[in-house]
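A.B. asks: Be aware that the sequence shown starts at 8, since it is given in the working numbering, and climbs by one per residue.
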Amino acid sequence: MTTLIAFDLDGVLYSSEPFIADAYREAMAAVNEERPGSFARVPSTREILDHVGWPVATILARLFPAVAGAAVDRLQAATLEVICGRVAARAGVLYEGVAEGLRALHQAGHLLAVASNGRHRYVETVLATYGLSELFVAPITADQVGSKPAVLGGYLERHRLSPAYTVMVGDRASDVEAARVVGCHFIGCDYGHGHRHEIEGAGPTVSRFGEVPAAVAYLLHA
Numbered sequence: 008m009t010t011l012i013a014f015d016l017d018g019v020l021y022s023s024e025p026f027i028a029d030a031y032r033e034a035m036a037a038v039n040e041e042r043p044g045s046f047a048r049v050p051s052t053r054e055i056l057d058h059v060g061w062p063v064a065t066i067l068a069r070l071f072p073a074v075a076g077a078a079v080d081r082l083q084a085a086t087l088e089v090i091c092g093r094v095a096a097r098a099g100v101l102y103e104g105v106a107e108g109l110r111a112l113h114q115a116g117h118l119l120a121v122a123s124n125g126r127h128r129y130v131e132t133v134l135a136t137y138g139l140s141e142l143f144v145a146p147i148t149a150d151q152v153g154s155k156p157a158v159l160g161g162y163l164e165r166h167r168l169s170p171a172y173t174v175m176v177g178d179r180a181s182d183v184e185a186a187r188v189v190g191c192h193f194i195g196c197d198y199g200h201g202h203r204h205e206i207e208g209a210g211p212t213v214s215r216f217g218e219v220p221a222a223v224a225y226l227l228h229a
């Protein structure tokens with residue numbers, strides 16, 4: 008039986024924490040040049056990270072509830088441009104053990120997928136920058152299909168997979184919900200951007216990425 012391991016991206020494989028506040032600052036400044044006064048305050052890194060894992064429209068609506076919709080729409084485009092540039096410049100980081108762990112899972116015969124609320128260009132930029140694209144099936148992203156459960160379900164449908172042989176690896180409540188909706192296994196990452204209460208009780212947890220292969224083996228062969 009074919010097995011699929013689906014990974015959230017931010018807080019599981021990759022962290023934008025080193026640059027995310029500066030990226031927002033740059034993108035907001037660009038929008039303010041076009042639309043003076045649209046954004047008065049740059050959110051802190053922690054404020055931004057607390058929302059990472061949700062679709063970008065949700066993140067921006069929560070961070071800037073009083074800002075006009077046209078300015079927020081422009082910021083969506085500006086943040087994508089700036090963030091992808093920072094990713095390509097390797098301003099962020101892969102978590103320790105990610106490259107080795109992914110290669111081990113791939114060599115063991117598992118299909119690997121990214122199940123993220125991140126936009127398609129962002130997902131592809133992260134994978135390409137770190138030489139990981141060849142390890143993953145072609146990405147399905149939330150900006151294409153609407154939600155993380157739809158992303159995960161899209162992989163199951165496209166590859167004709169069973170939820171019983173699928174594992175979602177994530178650090179946020181949105182990852183737990185996606186696994187629940189499709190009925191697959193879940194592994195919680197207790198080292199990322201999320202909070203422990205978001206993943207508690209949903210499945211085994213790991214404190215570093217290097218523990219993921221063993222957790223996968225436990226779930227799929229229990």
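Using N, Cα and C, we set each Cβ at its ideal position, and we do this for glycine too. Since the structure is predicted, the reported quantities are computational estimates derived from the model, not experimental observations.
#1: How would you call Asp-182, buried or exposed, if buried means at least 16 neighbouring beta carbons within 10 angstroms?
#2: Relative to the C-alpha of Ala-209, which candidate in Val-100, Glu-184 and Glu-40 has its C-alpha closest?
#3: Figure out for me which residue from Glu-131, Ala-145, Met-175 and Leu-139 has the closest Cα to the Cα of Pro-156.
#4: If you draw a straight line from the alpha carbon of Arg-167 to that of Leu-142, how long is it in whole angstroms?
#5: Hey, out of Arg-179, Leu-118, Glu-205 and Gly-195, whose CA is closest to Arg-165's CA?
#6: Do Asp-15 and Ala-180 have their C-beta atoms closer together than 8 Å?
#7: I need the boundaries of the beta strand (DSSP E) containing Gly-177, first residue and last residue.
#8: Span of the alpha helix (DSSP H) holding Cys-91?
#9: Would you say Arg-163 and Thr-173 are within 8 Å of each other, going by their C-beta atoms?
#10: Could you check which residue in Asp-57, Glu-207 and Tyr-129 has the C-alpha nearest to that of Glu-88?
#11: Of the choices His-228, Val-38 and Val-152, whose alpha-carbon is the least far from that of Ala-47?
#12: Excluding the five sequence neighbours on either side, which residues of its own chain have a C-beta within less than 8 Å of the C-beta of Gln-83, listed in chain order?
C.D. replies: Judging by the given coordinates:
#1: buried
#2: Glu-184
#3: Met-175
#4: 19 Å
#5: Leu-118
#6: no
#7: 173 to 177
#8: 76 to 95
#9: It should be noted that the sequence gives Leu, not Arg, for residue 163. The answer is yes: Cβ separation under 8 Å.
#10: Tyr-129
#11: Val-38
#12: Val-63, Ala-64 and Leu-67
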